[in-house]
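Note sheet for the following structure.
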Amino acid sequence: MHQVQRVSSFFQLFLTLAIFWFWLNGSLAIDVVVVGLIASFVIAALFNGGLSAFSDLQPTPKAIGYSLLYVVFFFKELVKSNFGLARIVLTPGLPLSPGIVKVRTKLKSRMGRMLLANSITLTPGTLTVEMTGEWLYIHCVTVSSTDTDIATANIVSGFEHYLEVMYG
Amino acid sequence: MTDTALSIVGGLLFVAGAAFLLLGGLGLVRMPDLFNRIQAGTKTTTLGTLLTLAGAACLQPDWSLKLLLIGLFVLLTNPISSQVLARAAHRMGLEKSQLTMVDHLAEDTGERS
């Protein structure tokens, strides 16, 4: 079991690196291919057990559909967050009520949690400061509620809805 | 005809990207403490950079795929660096703004807030 996991994690990372390499180079000349494959192999061997784009992704059609919806939702939130921030910065009184609140995630996989933390950082007025297990500590520009359950519903649920199907 | 339209769209995207980057810079100056500054910095630089990259893709369509890849890197690395900075600052016990209402992290790690 462990052996299988290690090998599959190695190939996921190797594949991710190789795809990025060829994408960036845009060429299939023999030297480019050889250097790319060797470099990907060495890095994947050294960082085995690390996360890659395919780690933990559920291989169901529903997960792929949700990935696309997630991207749309994410960009909507990113634009919203920028306008929200612009409004705060341009208001003379600087209307802030910052604080660090604790929220809980249902996500189990490492990749799902990482994407959740990243997404929270890029969306309206929230910044992930610390993660320990299922608990996330979020810095908010304007604290809406100090209650963990309500804060979870406000901050986490939107992304969790998609990430749960994608990564579990 | 398409060339002109594309270059107009590209120019507009550049201006929009620059506007968000400007607002981010303003946020860095105006925000009261490090955590709020990081918030201002991360979001605006991400969207600002992405819009600028999109603008570049309109002006130089040949570069689109590589620009898309750069955008992906920005999207993945920007929030991680911000999070690590914020965590390091919090662990150092950096002073928080007077306005700060609550700090569950300090409560849970047993520091004084």
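Just so you know, the sequences run in chain order A and B.
Numbering-wise (numbering that gives the first Met the number 0), the first sequence opens with residue 0 and increments by one.
Numbering-wise (numbering that gives the first Met the number 0), the second sequence opens with residue 0 and increments by one.
Even for Gly, the Cβ is constructed at its ideal location relative to N, Cα and C.
{"Item": "Run down chain B in chain order and give the residues with a C-beta less than 9 Å from the C-beta of residue 101 of chain A.", "Value": "103, 104, 106, 107"}
{"Item": "Can you find a C-beta in chain A that's less than 8 Å from the C-beta of residue 53 of chain B?", "Value": "no"}
{"Item": "Jot down the residue ranges of each uninterrupted beta strand (DSSP E) in the stretch 59 to 110 of chain A, minimum 3 residues, whole runs only, in chain order.", "Value": "98 to 103"}
{"Item": "What residues in its chain sit with their C-beta under 8 Å from that of residue 116 of chain A, if we drop five residues either side in the sequence?", "Value": "127, 130, 135"}
{"Item": "Going by beta-carbon coordinates alone, are residue 105 of chain A and residue 159 of chain A separated by less than 8 Å?", "Value": "yes"}
{"Item": "Helix, strand or coil for residue 93 of chain B, going by three-state DSSP, please let me know.", "Value": "coil"}
{"Item": "Can you name, in chain order, every residue of its own chain whose Cβ lies under 8 Å from the Cβ of residue 42 of chain B, other than the five neighbours on each side?", "Value": "23"}
{"Item": "For residue 110 of chain B, is the classification buried or exposed, using 16 other Cβ atoms within 10 angstroms of its Cβ as the cut-off for buried?", "Value": "Note on residue 110 of chain B: pLDDT 48, under 50, position unreliable in the model; the coordinate value appears next. Counting Cβ neighbours within 10 Å, residue 110 of chain B comes out exposed, since fewer than 16 surround it."}
{"Item": "In terms of residues, what are the limits of the beta strand (DSSP E) holding residue 128 of chain A?", "Value": "125 to 131"}
{"Item": "Any idea which residues DSSP pairs residue 134 of chain A with across the strands?", "Value": "A/103, A/131"}
{"Item": "With 8 Å as the limit, tell me which residues of the stretch 61 to 84 of chain A have their beta carbon closer than that to any beta carbon of chain B; keep them in chain order.", "Value": "77, 78, 80, 81, 84"}
{"Item": "Any beta carbon of chain B sitting closer than 8 Å to that of residue 47 of chain A?", "Value": "no"}
{"Item": "Assuming residue 34 of chain B contacts residue 97 of chain A under a Cβ cut-off of 8 Å, what Cβ separation, rounded to an integer in Å, is found between them?", "Value": "7 Å"}
{"Item": "Would you say residue 154 of chain A and residue 102 of chain A are within 8 Å of each other, going by their C-beta atoms?", "Value": "yes"}
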